[in-house]
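Quick mapping for you: the protein sequence lines, in order, are chains A and B. Each residue of the first sequence is one higher than the last, beginning at 1 in this note's numbering. Each residue of the second sequence is one higher than the last, beginning at 1001 in this note's numbering. Below is one structure, written out as structure tokens; comments come after it.
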Amino acid sequence: MALTYEEVVAKYEPSLGLEVHVELNTQTKMFCGCATEFGAAPNTQTCPVCLGMPGALPVVNEKAIESTIRIGLALNCAITPKSRFARKNYFYPDMPKNFQISQYDEPICTNGYLDVEVETDEGSKTFRIEIERVHMEEDTGKSLHVGGATGRIHGAEYSLLDYNRAGIPLVEIVTKVVSGTGKYALKLRRHM
Amino acid sequence: MSDLIKKSASELAALIAEKEVSSREVTQAHLDQISQTDSLIHAFLHVDSEGALTQAEMADKNQNSTKSPLHGVPLALKDVLAQKGIPTTCGSRILEGWRPPYDATVVTKLKDAGVVILGKTNMDEFAMGSSTENSAYGPTRNPWDTDRIPGGSGGGSAAALAAFQAPLAIGTDTGGSIRQPAAVTGTVGVKPTYGGVSRYGLVAFSSSLDQAGPCARTVLDTALLHQVIAGHDPKDATSINAPVPDVVAAAQRADVKGMKIGVVKELSGEGYEKGVAERFAESLAILESQGAEIIEVSCPNFTFALGAYYLIAPSEASSNLARFDAMRYGLRIGDDGTKSAEEVMSFTRDAGFGDEVKRRIILGTYALSAGYYDAFYGSAQKVRTLITRDFAAAYSKVDVLVSPTTPTVAFKIGEKSNDPVAMYLSDVATIPVNLAGVASMSLPAGLSEGLPVGFQIIAPAMKDDRLYLVGGALERELNAKWNGPLTHQIPDLVLR
Chain A
1 MALTYEEVVA KYEPSLGLEV HVELNTQTKM FCGCATEFGA APNTQTCPVC LGMPGALPVV
61 NEKAIESTIR IGLALNCAIT PKSRFARKNY FYPDMPKNFQ ISQYDEPICT NGYLDVEVET
121 DEGSKTFRIE IERVHMEEDT GKSLHVGGAT GRIHGAEYSL LDYNRAGIPL VEIVTKVVSG
181 TGKYALKLRR HM
Chain B
1001 MSDLIKKSAS ELAALIAEKE VSSREVTQAH LDQISQTDSL IHAFLHVDSE GALTQAEMAD
1061 KNQNSTKSPL HGVPLALKDV LAQKGIPTTC GSRILEGWRP PYDATVVTKL KDAGVVILGK
1121 TNMDEFAMGS STENSAYGPT RNPWDTDRIP GGSGGGSAAA LAAFQAPLAI GTDTGGSIRQ
1181 PAAVTGTVGV KPTYGGVSRY GLVAFSSSLD QAGPCARTVL DTALLHQVIA GHDPKDATSI
1241 NAPVPDVVAA AQRADVKGMK IGVVKELSGE GYEKGVAERF AESLAILESQ GAEIIEVSCP
1301 NFTFALGAYY LIAPSEASSN LARFDAMRYG LRIGDDGTKS AEEVMSFTRD AGFGDEVKRR
1361 IILGTYALSA GYYDAFYGSA QKVRTLITRD FAAAYSKVDV LVSPTTPTVA FKIGEKSNDP
1421 VAMYLSDVAT IPVNLAGVAS MSLPAGLSEG LPVGFQIIAP AMKDDRLYLV GGALERELNA
1481 KWNGPLTHQI PDLVLR
């Protein structure tokens, strides 16, 4: 027989790992020289590279790598001497190349930790959050699906696309599972 | 026919520099030749007469303020390179109507050097093919025999040279697309060291193999063009940040005395036509008479090159060609207000890509899919390492390697179009070069039953100058024997 939500919570202790996305505040995008200013008129901060025009090539933003390494050091990670970007292939209109440049098997930072002190029901407590990896990727564009019931692309009458965000550097921090933290996940994330 | 069109690029540049003739006159002579012959040859997909004449006039105006060795000389550009405002199709329907908003770095360098761009040349769709028959816009014909193919994928650029429509051309070479067309049209083509010429603006087929390079009718012209387009580009992270080898000086020196030249054992024998083998042997004898030492070397892993290539190239292509989805530019099919974005993508890719492109996208997507990646792409990359080691071992004994460029002379249009594997074998001798990223040249070695045979030279990475030392020496001796360049023996075109 299926358990009710209350029964599940009473029986099991939720243990969570977090994947935290951090958008970097670099002056320019991850792989081109376009501005990253928030709130600009749609599709005004684009170029052949972040629009995925045929023939255009990415060149990595040195500052973004530096920021990621700083994040890795702050999280007590090992910084790899050799890192590699990989393509994540899938079709979606907000991604101009139909692949996202991300990192897969060779991220920039691995195996770190962060000690976080939060107020719990039993008073102040320090959790050691182990960090599995910190890697870089490019953000996708912003899509707005108009019409249709769900706000998703399926069933939409038409879609609006803004590529200003496409190619903004994104750092992904992945923690290992931290047991006993289910209740405090939100607080932990704020501390991070 | 103006006698200007038979001149080499370096001769034309000298005439223009001395104001014996204007760039406008030279450009007009080539545009005339295109309009007279291209209904038969079909080397061009787009002729930019107006733009070319404007560039030529500009070149005439700036004549006194330039040091460019190719100032005012016209050129044919393969349609795989982005040129701002000029239709760029890659020989595909899917890019119909696209006019790039930017110039490829190669194009910027050409413009800066005062080179006049006549138009865009025909090619196998997305550079996938060895005959230019895979162009969505119809095949190009070989000026030596118009019932035959001009090679591929850069058949348009090679045919434009052999039809005297242009003295210079740009090609790109992923598995032989510069060298094989050069071989079967009796012209010269160089695939520079990987990273030697910027790929920014070259529409990617297989990013780890693609390389743009110079094509011309003489070794010196090829070197002059090589010098113009080569060099580090901050917009291409794989471009080499080191001085370009002095290829022009090497072409002028053209000396092989004391050089050790290795003959690749695996690139001979079965499958190589008798006429091809004979011209190759004669060329070797010439190089030996010029003071080179000829040594046979073995590169055992070259036999796996074709197999590895047909996993690596389609895999990379399947990802690179994903962006052609009708959303932002080019063809769009089925957008009648009732179809989903996914359906429009699917209809457009179905209608916009030809059979060979679809074949490779499917093959590549399969090879990269979860659970198969290591077995296919991973294994192919290991073979690539073995081939690179074969080259390294060979270069510990010799300065350059040589082979016939292709196993056969130009075949008939339609002869291999239904047999992909037979077509793939056209590139058996050129593919190992791309897998290892080394530099290579094809130049004419003579005729077999009236059709050109190519001689391939392969130099270590960043030693592109050695191609020109050897090529220049061989060309000088062969031209002396033929009383002029081989291209002067091209029969007059019978216009239909």
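Quick reminder that beta carbons are idealized off the backbone N, C-alpha and C, glycines included. Everything numeric in this text was worked out from a predicted model, so none of it was measured.
Per-residue DSSP class, three states only, for residue i
i	result
residue 1442 of chain B	strand
residue 1353 of chain B	coil
residue 65 of chain A	helix
residue 1403 of chain B	strand
residue 1315 of chain B	helix
residue 1335 of chain B	coil
residue 1230 of chain B	strand
residue 1213 of chain B	strand
residue 1077 of chain B	strand
residue 1083 of chain B	coil
residue 1044 of chain B	strand
residue 89 of chain A	strand
residue 1102 of chain B	coil
Chain B contact residues for residue i, given Cβ-Cβ distances below 9 Å
i	result
residue 55 of chain A	1080, 1081, 1082, 1088, 1100, 1102, 1104, 1199, 1200, 1201, 1202, 1203 and 1204
residue 159 of chain A	1341
residue 21 of chain A	Per Cβ cutoff of 9 Å: no residues; residue 21 of chain A is ~24 Å from chain B at best.
residue 65 of chain A	The contacting residues do not exist; residue 65 of chain A stays about 12 Å from chain B at best.
Within chain A, partners of residue i - CB distance below 7 Å
i	result
residue 1319 of chain B	87, 89 and 99
residue 1328 of chain B	51 and 96
residue 1335 of chain B	Within chain A, no residue comes near residue 1335 of chain B; the closest Cβ sits about 10 Å away, beyond 7 Å.
Candidates the options, of which the one nearest residue i by Cα
i	options	result
residue 1276 of chain B	B:1191, B:1208, B:1089 and B:1404	B:1404
residue 1353 of chain B	B:1338, B:1125 and B:1367	B:1125
residue 1014 of chain B	B:1407, B:1280, B:1148 and B:1071	B:1071
residue 1309 of chain B	B:1294, B:1036, B:1421 and B:1190	B:1421
residue 15 of chain A	A:189, A:177, A:188 and A:103	A:177
residue 1255 of chain B	B:1411, B:1109, B:1446 and B:1399	B:1399
residue 1490 of chain B	B:1184, B:1105, B:1050 and B:1129	B:1184
residue 1103 of chain B	A:164, A:49 and A:185	A:49
residue 1450 of chain B	B:1080, B:1031, B:1045 and B:1142	B:1142
residue 1444 of chain B	B:1436, B:1472 and B:1464	B:1472
residue 40 of chain A	A:138, A:163 and A:101	A:163
residue 1280 of chain B	B:1448, B:1432, B:1493 and B:1317	B:1448
residue 1149 of chain B	B:1411, B:1073 and B:1030	B:1411
residue 1168 of chain B	B:1383, B:1251, B:1221 and B:1155	B:1221
residue 1456 of chain B	B:1219, B:1322 and B:1304	B:1219
residue 198 of chain A	A:185, A:169 and A:190	Nothing about residue 198 of chain A can be read from this structure; chain A reaches only from 1 to 192.
residue 1296 of chain B	B:1351, B:1314, B:1393 and B:1350	B:1393
Sub-9 Å separation of residue i and residue j beta-carbons
i	j	result
residue 1402 of chain B	residue 1264 of chain B	yes
residue 1267 of chain B	residue 1428 of chain B	yes
residue 1204 of chain B	residue 60 of chain A	no
residue 1345 of chain B	residue 1326 of chain B	yes
residue 1088 of chain B	residue 1095 of chain B	yes
residue 1151 of chain B	residue 1181 of chain B	yes
residue 1078 of chain B	residue 1231 of chain B	no
residue 85 of chain A	residue 101 of chain A	yes
residue 1376 of chain B	residue 1436 of chain B	no
residue 1191 of chain B	residue 1165 of chain B	no
residue 1069 of chain B	residue 1118 of chain B	no
residue 1154 of chain B	residue 1189 of chain B	yes
Partners in chain A for residue i, counting only beta-carbon separations shorter than 8 Å
i	result
residue 1095 of chain B	54
residue 1169 of chain B	Going along chain A, no residue has its Cβ under 8 Å from residue 1169 of chain B, so there is no contact; the nearest lies around 18 Å.
residue 1192 of chain B	By Cβ distance, chain A contributes nothing, its closest Cβ being about 17 Å from residue 1192 of chain B, past 8 Å.
residue 1237 of chain B	57, 58, 59 and 60
residue 1234 of chain B	59
residue 1322 of chain B	89, 91, 97, 98 and 99
8 Å Cβ cut-off: residues of chain B touching residue i
i	result
residue 118 of chain A	In chain order: nothing, as chain B lies at least about 38 Å away.
residue 169 of chain A	By Cβ distance, chain B contributes nothing, its closest Cβ being about 16 Å from residue 169 of chain A, past 8 Å.
residue 154 of chain A	1340
residue 93 of chain A	1325, 1327 and 1341
In DSSP terms, what residue i is bridged to
i	result
residue 170 of chain A	A:23 and A:137
residue 1190 of chain B	B:1441
residue 1293 of chain B	B:1260
residue 130 of chain A	A:113
residue 119 of chain A	A:124
residue 1455 of chain B	B:1404 and B:1443
residue 99 of chain A	A:89
Beta-carbon neighbours of residue i, restricted to chain B and to distances below 7 Å
i	result
residue 146 of chain A	The contacting residues do not exist; residue 146 of chain A stays about 13 Å from chain B at best.
residue 42 of chain A	Ordered by position in chain B, no residue passes the 7 Å Cβ test against residue 42 of chain A, which lies about 14 Å from the chain.
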